[in-house]
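Counting in our numbering, the sequence shown tops out at residue 144, every number present.
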Amino acid sequence: MANMFEQIFGSKTRVQLITIFLRNPDKGFYVRELSRITGQYINSIRRELENLEHFGLLKTERKLKKKFYLTNDTFFLLPEFAEFIFERTRIP
């Protein structure tokens with residue numbers, strides 16, 4: 053199943069990040085924190101966060117010199133995205 057998501061979404065890291073943000077829509081994460089959670093390299097995390105921000109799924113906020121990434125609750129496909137991910141991965 054994960055391989056199918058990787059093909060659709062482009063990479064394992066991107067799938068992990070999308071899942072994290074959709075499961076925690078009100079929480080902000082910074083790059084190093086996401087690197088620890090996913091076990092992926094920081095540069096991979098940065099690249100995918102930039103892609104997801106450019107796509108509109110994420111937004112950023114700065115707090116005390118740290119850049120936090122959050123789910124963009126105004127993203128026009130957010131409900132469909134969440135439904136797709138949750139149904140396919142059976143996340144409660």
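The C-beta atom is built at its ideal place from N, Cα and C for all residues, glycine as well.
Same chain, Cβ closer than 6 Å to residue i, neighbours up to 5 away in sequence not counted
i: L81; result: Here residue 81 turns out to be Phe, not Leu, going by the sequence shown. Cβ within range, chain order: Y121.
i: R66; result: E100
Assigned secondary structure, residue i (DSSP; H/G/I helix, E/B strand, else coil)
i: R118; result: Per the sequence shown, the amino acid found at residue 118 is Lys instead of Arg. Strand, per DSSP.
i: F128; result: coil
i: L145; result: No answer is possible for residue 145: the residues shown for the chain start at 53 and end at 144.
i: E105; result: helix
Spatial distance of residue i from residue j (CA atoms)
i: L116; j: L110; result: 19 Å
i: E145; j: S63; result: Here the chain comprises residues numbered 53 to 144, so residue 145 is not present and cannot be evaluated.
i: L130; j: R98; result: 21 Å
Cβ neighbours of residue i in the same chain (closer than 7 Å, five flanking residues each side left out)
i: G108; result: N124, F127
Whole-angstrom C-beta distance between residue j and residue i, which should lie under 8 Å
i: V83; j: I70; result: Not a contact, Cβ separation roughly 16 Å.
On the three-pair Cβ rule with 8 Å, is the stretch 123 to 131 touching the stretch 83 to 91? No, because fewer than three Cβ pairs between the stretch 123 to 131 and the stretch 83 to 91 fall closer than 8 Å, the two stretches do not touch.
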